[in-house]
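Comments concern the structure below.
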Amino acid sequence: MERKTFLKLSSALIAAPLISPIESWAQQEKLKNWAGNLEYGTDRVYYPKSVEEVQALVKKCSRLRALGTRHCFNRIADSKDNLISTKQMNKVVALDANARTVTVEGGIKYGELCPYLDEKGFALHNLASLPHISVAGSCTTATHGSGVGNGNLASAVNALEIVTADGNLIHLSRDKDGEKFLAAVVGLGALGVITKVTLDIQPAYMMRQNVYLNLPMVQLKEHFEKIVSAGYSVSLFTDWQSESINEVWIKSRVDDGKNYDGVPEFFGAKAATKNLHPIIELSAENCTEQMGVPGPWYERLPHFKMGFTPSSGKELQAEYFIPLHNAVDAILAIARLGKQIGPHLFISEIRTIAADNFWMSPCRKQASATIHFTWKQDWPAVSKLLPLIEKELEPYNANPHWGKLFTMSPKVLASRYEKLHDFKKMIAMYDPDKKFRNDFLNRTIYAALNK
Ligand SMILES: Cc1cc2nc3c(=O)[nH]c(=O)nc-3n(C[C@H](O)[C@H](O)[C@H](O)COP(=O)(O)OP(=O)(O)OC[C@H]3O[C@@H](n4cnc5c(N)ncnc54)[C@H](O)[C@@H]3O)c2cc1C
């Protein structure tokens, strides 16, 4: 905690001895998201330590949102009234080696869970670019890594425990709850506070990461599928300023037997000779080890190391999911905007994600490629570029990332999610008084039908 905040907190506690043990008025100043591009609409943030405390808070508050590690760039986590941070609900509850599952509290970060799992001989199937994010907050927004055979992080969810609007607990599992479960996993924080998540695990594995420079765009056009399938997880970084992809990151499982060590060229791209950051000007100190050095899965799947600032820090992000068969055309369409995009961009990343069945997942029933943009933090400029990008991507049925910035209309969103109506019915069942409804949900999934 910053000294200034601590001093304010101490004096507030002295002046207010009747503070309830489950309330924490830790913030006198309004809390911001990780990137600092937005201030949350309330300074009333609670930090419960147990399911019972969450239940009591949910019963007590008439309006609230759950808050994870604050890594979203839009107002999906925001509330004008109350925020329940899951920061202190970050424990491993149980590891079931026979069932190959681990049950965790919703607020645990991947960076806290993964070393524990690895030590016990287990692993997750995939991770996002950074380990700093909470399990519940990531799964509920369909956060993803890369790999044609890898579903998003939510696809590892086996069961959920949720405190719903009446303060009661519900348990939903893949095996028992069918469509209800598929509705709840990518739930956009709309169904309640996820207090526990059970994830599928598998035996721990080793990985290596090899980076290639300057992949000619014409090679990508001709051999897209081979390139994105060249490893367990492949990421392509480009600034759209030349006829090539700046960096290709190939993350291979050692047990797959694919090894790029000593392979000097990859579809015309040249092997890097040192560790690199996706934004080539930045130090690779923050990045996971490359140059083919084998290491545990959780120290290769993310691009960024726990304990270091991921990405660039002061930035904005946007990302669009495109059905895989449209990927090349969509990439070429964005490349044509290169000149306009260039001055405002740090870097773009192209990844792939396997299809899933979650009602509100941007890759429901369709294998997808994503085109991501890490922007300089200049919202006036970015807010003009996003509609241009969305217009270019319109013919390819692009879906925006729920946790990043987008300007797509509710009508377009409604046309993309065939289960949206059913999802709203499910929300109405668990949250009839709109306790977990916020402006973000009103402006995105509710605005189209004026409900
Ligand atoms: C540097 C950086 C890199 C990123 N890289 C990737 C990436 O590789 N891939 C990718 O897909 N995304 C990426 N993201 C986006 C990020 O992973 C997602 O936005 C994710 O949702 C953040 O999780 P969080 O815990 O910070 O959630 P928050 O931002 O705190 O909240 C997100 C949503 O989850 C809900 N929520 C949180 N906790 C709970 C709970 N316990 N119960 C119910 N609802 C809850 C909130 O209400 C809100 O709706 C990145 C973001 C940053 C800043």
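Note that the sequence shown covers residues -9 to 441 in this note's numbering.
No residue lacks a Cβ here, since even glycine has one placed at the ideal position from N, Cα and C.
These numbers were taken from a predicted model, which means no experiment stands behind them.
- Taking Arg341 as the centre and dropping the five residues before and after it, the same chain places the C-beta of Ser136, Ser225 and Thr360 closer than 6 Å to its C-beta, in chain order.
- About 6 Å separates the beta carbons of Tyr30 and Leu73, which is inside the 8 Å limit, making them a contact pair.
- Per DSSP, reduced to three states, the secondary structure at Ile270 is coil, with no helix or strand assignment.
- The residues Leu28, Glu29, Tyr30 and Arg60, in chain order, have a CB closer than 8 Å to that of Lys22 in the same chain once the five nearest residues on each side in sequence are set aside.
- DSSP places His411 inside the alpha helix (DSSP H), whose first and last residues are Leu410 to Tyr420.
- When rounded, the separation of the alpha-carbon atoms in Asn428 and Gly303 is 26 Å.
- For the pair Ala25 and Phe63, the CB atoms are nearer than the 9 Å cut-off.
- Beta-bridge partners assigned by DSSP to Asn389: Phe311.
- Looking at the DSSP output, Met196 shares a beta bridge with Pro286.
- Within the same chain, Ile312, Pro313, Asn316 and Arg406 come within 8 Å of Asn387 by CB-CB distance, once the 5 residues on both sides are set aside.
- Annotation for His213: the continuous alpha helix (DSSP H) segment containing it runs Met207 to Val218.
- Short note on Ser338: C-beta not closer than 8 Å to any heavy atom of ligand 1.
- Taking C-beta atoms under 8 Å as the contact rule, Ala371 and His334 qualify, at a distance of about 5 Å.
- Restricting attention to Val48, Asn148 and Lys110, the CA atom closest to the CA of Ala174 is found in Asn148.
- In this structure, ligand 1 has a non-hydrogen atom nearer than 8 Å to the beta-carbon of Phe294.
- In the structure shown, Leu162 falls within a strand segment according to DSSP collapsed to helix, strand and coil.
- For Ser128, there is no enclosing beta strand (DSSP E); the enclosing alpha helix (DSSP H) has its first and last residue at Val125 to Thr130.
- Per the coordinates, the alpha-carbon of Tyr37 lies some 17 Å from the alpha-carbon of Phe426.
- Taking Met296 as the centre and dropping the five residues before and after it, the same chain places the C-beta of Gly101, Pro121 and His122 closer than 7 Å to its C-beta, in chain order.
- When only Cα atoms are considered, Arg65 and Tyr436 end up about 15 Å apart.
- Taking the CA atoms as reference points, Lys424 sits about 24 Å from Pro352.
- Scanning its chain for C-beta atoms nearer than 7 Å, with the 5 sequence neighbours on each side dropped, one finds around Phe171 the residues Leu162, Ser163 and Arg164, in chain order.
- Take the alpha-carbon of Leu291 and the one of Leu189: they are about 17 Å apart.
- Distance from Ile270 to Phe336 at the Cβ level is roughly 10 Å; contact not present, criterion being Cβ atoms closer than 8 Å.
- DSSP, reduced to helix, strand and coil, places Trp369 within a helical segment of the structure shown.
- With a threshold of 16 other beta carbon atoms within 10 Å, Asn142 meets it and is buried.
- Residue range Val41 to Lys50 is occupied by the alpha helix (DSSP H) that includes Leu47, with no beta strand (DSSP E) assigned at that position.
- Buried is the label assigned to Leu107, since at least 16 other Cβ atoms lie within 10 Å of its Cβ.
- Scanning Gly328, Phe396, Pro422 and Phe413 for the CA closest to the CA of Phe430 turns up Phe396.
- Put simply, the backbone Cα of Tyr195 is about 42 Å away from that of Ser399.
- Under the Cβ criterion (8 Å, minimum of three pairs), the stretch 200 to 210 counts as touching the stretch 227 to 239.
- Relative to the non-hydrogen atoms of ligand 1, the Cβ of Cys62 comes within a distance shorter than 8 Å of at least one.
- Taking 8 Å as the cut-off, one finds no heavy atom of ligand 1 near enough to the beta carbon of Ile160.
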